[in-house]
Amino acid sequence: MAICIPPFYIGQEIIAIKNHSQGFFKKGDEFIVTGIIKTCCSFSVSVGITATTDEGQCMRCGAIYKLNSESLFNSHCFAPKIETDNFISMKEFTLKQLEYIGAN
Ligand SMILES: [Zn+2]
Numbered sequence: 001m002a003i004c005i006p007p008f009y010i011g012q013e014i015i016a017i018k019n020h021s022q023g024f025f026k027k028g029d030e031f032i033v034t035g036i037i038k039t040c041c042s043f044s045v046s047v048g049i050t051a052t053t054d055e056g057q058c059m060r061c062g063a064i065y066k067l068n069s070e071s072l073f074n075s076h077c078f079a080p081k082i083e084t085d086n087f088i089s090m091k092e093f094t095l096k097q098l099e100y101i102g103a104n
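And the structure:
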């Protein structure tokens with residue numbers, strides 16, 4: 001199995017980039033990472049949402065793993081919030097460039 005670096009760190013502000021299949025969060029919801037765990041096939045994060053069961057299941061291979069008190073979610077459901085801010089400022093920058101071109 002390839003070694004990979006956790007996509008987030010504990011305490012990081014993240015934003016949901018998709019709706020959760022069971023409605024635990026919606027795209028655009030913001031969270032703070034409370035834990036990050038390497039499960040069998042991917043990284044899972046907890047974001048302060050209380051678990052409704054005491055076991056989680058890997059979406060890819062079906063392996064069962066124990067939950068403590070918080071639900072775990074696939075890290076692919078989230079993006080760092082700071083990158084979203086950077087993206088917005090890049091867009092603003094581009095718009096300013098367009099204004100400049102337009103003025104000439
Ligand atoms: Zn798996």
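Just so you know, we're using our numbering here: the sequence shown kicks off at 1 and counts up by one. Don't be surprised by glycine CBs; every beta carbon is placed ideally from N, CA and C.
The C-alpha of Asn68 is placed about 17 Å away from the C-alpha of Phe24.
The beta carbon of Ile37 sits closer than 6 Å to the beta carbons of Ser44 from its chain, once the five residues preceding and following it are set aside; these are given in chain order. In the structure shown, the three-state DSSP call for Gln97 is helix.
Here the residues close to ligand 1, judged by CB distance below 6 Å to any of its heavy atoms, are Cys40, Cys41, Cys58, Arg60, Cys61 and Ala63 in chain order. When the five nearest sequence neighbours on each side are left out, the beta carbons in the same chain lying within less than 8 Å of the beta carbon of Asp54 are those of Lys66 and Leu67, in order along the chain. Just measuring C-alpha positions, the residue of Ser42, Ile49 and Ile14 sitting nearest Cys4 is Ser42. Membership of Pro80 in the beta strand (DSSP E) is indicated by the continuous run Phe78 to Pro80. Here Ile10 has Val33 as same chain residues with Cβ atoms under 6 Å from its own Cβ, once five neighbours each way along the sequence are excluded. Counting only residues of its own chain and dropping the five nearest sequence neighbours on each side, Glu30 has a CB closer than 6 Å to the CB of Ile15. Counting of Cβ neighbours within 10 angstroms places Phe8 among the buried residues, the total reaching 16 or more.
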